[in-house]
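Colleague: In the working numbering, the protein residues as written are 5 to 97.
#1: Have a look at residue 94 and residue 59 and give me their C-alpha separation to the nearest angstrom.
#2: Which residue spans inside the segment 18-86 form an unbroken alpha helix (DSSP H) run of at least 4?
#3: Check the DSSP bridge columns for residue 10 and list the partner residues they point to.
#4: Where residue 81 and residue 5 are concerned, what is the direct C-alpha to C-alpha distance, given to the nearest angstrom?
#5: Provide the residue(s) that pair with residue 90 in DSSP beta bridges, ordered along the chain.
#6: Measuring alpha carbon to alpha carbon, tell me which residue in 88, 13 and 91 is nearest residue 49.
#7: When the distance is taken between beta carbons, is residue 29 closer than 7 Å to residue 61?
#8: Can you name, in chain order, every residue of its own chain whose Cβ lies under 6 Å from the Cβ of residue 46, other than the five neighbours on each side?
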């Protein structure tokens, strides 16, 4: 069965595994490292979503809030809880 659900810190290792497969072969690096994934899933799990097939994570999206109109490089690793702009930190299938 297929389901979508919010991700939590317990999903971090599965998220990182998919991210590595999706990004390392293309760019040689991951947008978020395992500790950063855990950080976002602890701070703002409501801005994440995972797609699960037969209980296994197959795709995900992780977002965070930002407090300025324009994104900066810092936005990739920071979450501004009072921010009004949601941006996607990473998406992988």
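We put the beta carbon where it would ideally sit given N, CA and C, even for glycine. This structure is a prediction, so every number in the text was calculated from the model and none was measured.
Modeller: Inspection of the coordinates gives the following:
#1: Roughly 21 Å between the two C-alpha positions.
#2: Counting only runs of 4 or more, we get 38-47.
#3: DSSP, once it has assigned bridges, lists no residue as partnering residue 10.
#4: Rounded to the nearest angstrom, the gap between the Cα atoms of residue 81 and residue 5 is 33 Å.
#5: For residue 90, which the question treats as bridged, DSSP gives the partners 69.
#6: That would be 13, whose Cα lies nearest to the Cα of residue 49.
#7: Not in contact: residue 61 and residue 29 (Cβ atoms no closer than 7 Å).
#8: Excluding five sequence positions before and after residue 46, the CB atoms of its chain that fall closer than 6 Å to its own CB belong to 13, given in chain order.
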